Amino acid sequence: MRTIKKNNIVEDFHGTKVEDPYRWLEDAESNETKQWAEDIGRQCDAYFNNTNTRDEDRKRLTELWNYPKYFVPQKVKDQLFYQKNDGLQNQAVLYKSSGNEDSVLIDPNQLSDDGTVAMVNFEFSPNAKYMAYATSTHGSDWQEIFVREIDHASNLEDHIQHVKFTSIAWSPDSSGFYYSRFPEPESVNEEDQGNYHKVYFHKLGTSQAEDQLVYEHPDNKELMFMPFITHDDQYIGLHVRHGTSAQNRFYLKKIDEQGEFIRLLDEHDAEYIYIHNEESLFYFKTDLNAPKGRIIAIDINHPTEVKEVIGEQENLMHAVAFYNNQFVVIYLQDAQHQIHLYHKNGQYDKQIQIPLTGSLVDLKGKHDQSEMYFGMTSYLSPTEVYRYDFEKDELDVFAKSELEVDTSQFETVQVFYQSKDGTKVPMFITKKKGLQLDGTNPVILFGYGGFNVALTPAFNPAVLRWLEKGGIYAIANLRGGSEYGEEWHKAGMLENKQNVFDDFISAGEYLIEQKYTSKNKLSIMGGSNGGLLVAACMVQRPDLFGAVVCRVPVIDMLRYHKFTIGRFWIPEYGSAENPDQFPFLYKYSPLHNIKEGQKYPPVLIATAESDDRVVPAHAKKFAATLFEKADPESTIVLRLEAKAGHGLGKPTSKLIDEWVDFYAFLDKELK
């Protein structure tokens, strides 16, 4: 499929003429696009039918996935709630534990025949009688909220729609909850369906049409609001965000007062995350004048007076909670988590010694409870759930998975390499112990590098299959993430985005120089912003890689902000409509830097037809342009997945299908 229809569209960007011949593929509902997608599907099927590892990999991946998966529990009054997946269930089941009895509260596997309806958020009422939960269908960012009565494990009639990117905050008296939502789609034009976020209060037993408007900010239509209730049950707070910006605002008001919200922190000059309050004294985690984070206190009656409680440290303050009347501070040291305790006055107490080194998965507790639960994971260990008793200073294993595979035959090492400009970048490498480093090993190099997201160690059963095959799995902690604070993030965003690509290319060169692999055995993989990463690196250095797996990628950097929530990413990427930002976007945009006649490494572009975050038009236009311009000998495979989105709540069956195809592609192409 090398010859397809082309538009004669040419757009003028500040004096630069840019062709966009495949813009017609942006219309997913047109008959032409649907026919093209069907043809692509047949081409993709033909490619995979010509591979010979899928049956074996499917059998083994199914075995590797079949272990119990535990989630961090939450205690409400005297009841404990926890999620568990027995092994191959498409979705984890939520259980209620009272005394020695465990019962199913909700089984999301019953919400659809194929597991494509997922429960993606839930909150319990303070009286432990109700649970509000949100579901997503086919991986969509759009959600619906339902209410379940806990004692009877049955739903009330309450039903909330038009929800995306919201928290759920129960009122202290459990009469209802606060949430935020967008307008009804038919009430605004298409461009504004993701604008005008508003906060509402839903009273149990009423219809959504009766919900009370709590807050709106119509003069700044792109703001989003995350409501919560303060620990003293006196205030409703709002974390206010503009797109994916690392900075936020903070508003609050007394629950029982009718007045306006106090815009306590409204400069949008730093991150301000609520931790705790005692009457009018509020504690925040912030990076104001502290790129690696600190804790400050502000009396809302004297808002200009800021007191530092815990100062900036050498390691990144990644998260903070307030349990048992003290600060629980999660630090990130070279992309691995540590848990430290501080007294309320800021005096240091201790570090909690955890048997497993890796990533904190979740943290649950209450400010007035003397225990907390958290999970830890690593590249070779599924999530282990721990219970910590503050008063006894005791750490117990609450739940731990037993794998049928002996992971002691593998190892993870952390190395540091130099990027193009001399910056030291960390990378985790997981492989079989004693594997000979002779340049012949197949490697998956994974990266992300953006949006202040740290790639910390996480278990993926699919990786075990790669290790069994003799492969090496490497993850580079690129600039653009949060591994070393906001300065590390800023060094990989906007006009500095090329640093991220340079970091990743340097990681590949390091793996070759150190004889882990060679060019024709080195594959790169990334998704979403990581899909942009691998696409840009493939286009910039087609000579360096043996294969590319490009998942749900952002590709068209001149038009990304025109689709669904793409404009939320402008603080990270910039906008081609800005004459100062267009040049650097155009310079690296993968879609606009494909060279005529260039032989590119084999590339598998994987996208999902229901992805409403990074629309599949990115992947389709990328594939079409490669089909047109690349050397005819280049292998280009576009995998279009039905009934799937950006990855939210993806069922186990689809995860296995995905990795079966990834490995079929890599086994065939890494010659």
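Numbers in the numbering used here are just positions in the sequence shown, counted from 1, shifted up by 446. Virtual Cβ for every residue (Gly too), placed ideally from N, Cα, C. On a predicted model such as this, the values are computed, not experimentally measured, just so you know.
For residue i, the first and last residue of its enclosing beta strand (DSSP E)
i: residue 954; result: Taken as a continuous stretch (DSSP letters only), residue 954 belongs to no beta strand (DSSP E), being part of the alpha helix (DSSP H) at 944-959.
i: residue 925; result: Element bounds for residue 925: n/a, residue is neither H nor E.
i: residue 801; result: Taken as a continuous stretch (DSSP letters only), residue 801 belongs to no beta strand (DSSP E), as it is neither H nor E.
i: residue 481; result: Unbroken run through residue 481 is the alpha helix (DSSP H), 477-495; no beta strand (DSSP E).
i: residue 911; result: Looking at the DSSP string, residue 911 is not in any beta strand (DSSP E); the run it does join, the alpha helix (DSSP H), is 907-914.
i: residue 1109; result: Note, residue 1109: premise wrong, no beta strand (DSSP E); alpha helix (DSSP H) at 1098-1115.
i: residue 673; result: 669-675
i: residue 751; result: Run containing residue 751: none; DSSP gives neither H nor E here.
i: residue 862; result: 856-864
i: residue 1031; result: From DSSP, residue 1031 is part of no beta strand (DSSP E) but of the alpha helix (DSSP H) over 1028-1034.
i: residue 722; result: 718-724
i: residue 603; result: 600-609
i: residue 783; result: 782-788
i: residue 685; result: 681-688
Same chain, Cβ closer than 7 Å to residue i, neighbours up to 5 away in sequence not counted
i: residue 396; result: Limits of the chain in this structure are 447 at one end and 1117 at the other, which puts residue 396 out of reach.
i: residue 1028; result: 459, 460, 1022
i: residue 692; result: 717, 898, 932, 935
i: residue 944; result: 1034
i: residue 544; result: 525
CA-to-CA distance, residue j to residue i, given in whole angstroms
i: residue 925; j: residue 604; result: 44 Å
i: residue 524; j: residue 573; result: 10 Å
i: residue 963; j: residue 492; result: 30 Å
i: residue 1030; j: residue 770; result: 49 Å
i: residue 840; j: residue 817; result: 10 Å
i: residue 1046; j: residue 957; result: 20 Å
i: residue 447; j: residue 1058; result: Note that residue 447 has pLDDT 47, beneath the 50 cutoff, so the model's placement of it is unreliable and the number below is only indicative. Residue 447 and residue 1058: Cα-Cα distance of roughly 27 Å.
i: residue 866; j: residue 635; result: 46 Å
i: residue 1005; j: residue 502; result: 41 Å
i: residue 571; j: residue 1110; result: 47 Å
i: residue 1105; j: residue 595; result: 38 Å
i: residue 495; j: residue 810; result: 46 Å
i: residue 476; j: residue 1008; result: 18 Å
i: residue 1107; j: residue 575; result: 45 Å
i: residue 687; j: residue 661; result: 14 Å
i: residue 986; j: residue 828; result: 36 Å
i: residue 882; j: residue 906; result: 24 Å
i: residue 473; j: residue 641; result: 22 Å
DSSP state of residue i mapped onto helix, strand, coil
i: residue 897; result: coil
i: residue 660; result: strand
i: residue 1014; result: helix
i: residue 634; result: coil
i: residue 876; result: strand
i: residue 467; result: coil
i: residue 521; result: strand
i: residue 881; result: coil
i: residue 501; result: helix
i: residue 1065; result: helix
i: residue 447; result: Note that residue 447 has pLDDT 47, beneath the 50 cutoff, so the model's placement of it is unreliable and the number below is only indicative. In this structure, residue 447 counts as coil in the three-state DSSP scheme.
i: residue 813; result: coil
i: residue 644; result: strand
i: residue 1163; result: There is simply no residue 1163 to check, as the chain begins at 447 and stops at 1117 in what is shown.
i: residue 1079; result: coil
i: residue 700; result: strand
Alpha helix (DSSP H) segment containing residue i, residue limits
i: residue 985; result: 975-986
i: residue 1060; result: Where residue 1060 is concerned, there is no enclosing alpha helix (DSSP H), given that its DSSP letter is neither H nor E.
i: residue 835; result: From DSSP, residue 835 is part of no alpha helix (DSSP H) but of the beta strand (DSSP E) over 827-835.
i: residue 727; result: Taken as a continuous stretch (DSSP letters only), residue 727 belongs to no alpha helix (DSSP H), being part of the beta strand (DSSP E) at 727-732.
i: residue 472; result: Residue 472 -> no alpha helix (DSSP H), and no H or E assigned at all.
i: residue 1008; result: Here residue 1008 belongs to no alpha helix (DSSP H), and DSSP marks it neither H nor E.
i: residue 935; result: 932-936
Residues near residue i in its chain [Cβ-Cβ closer than 8 Å; skip 5 each side]
i: residue 966; result: 992, 1116, 1117
i: residue 478; result: 451, 470
i: residue 706; result: 699
i: residue 566; result: 580, 581, 582, 589, 1094, 1095
Residues near residue i by beta carbon distance below 6 Å, same chain, minus five either side
i: residue 757; result: 740
i: residue 456; result: 463, 465
i: residue 764; result: 776, 778
i: residue 468; result: 1067, 1070
i: residue 483; result: 1086
Quick one: any contact between the region 529-542 and the region 1068-1083, if contact means 3 or more CB pairs under 8 Å?
-> By the Cβ criterion, the region 529-542 is not in contact with the region 1068-1083, since fewer than three pairs of Cβ atoms, one from each stretch, lie closer than 8 Å.
Do the region 1097-1109 and the region 492-511 meet, that is, are 3 or more Cβ pairs less than 8 Å apart?
-> In short, these stretches touch, since the Cβ pair count reaches three.
Count the C-beta pairs between the region 611-622 and the region 673-685 that are closer than 8 Å, then say yes if the count reaches three, no if not.
-> Yes, they touch.
Just checking, does the region 946-956 make contact with the region 1058-1069 on the three C-beta pairs under 8 Å criterion?
-> Contact fails: fewer than three Cβ-Cβ distances are below 8 Å.
Inspect the CB distances between the region 1010-1025 and the region 1041-1055 and report whether three or more fall short of 8 Å.
-> Because the criterion of three Cβ pairs below 8 Å is not met, the region 1010-1025 and the region 1041-1055 do not touch.
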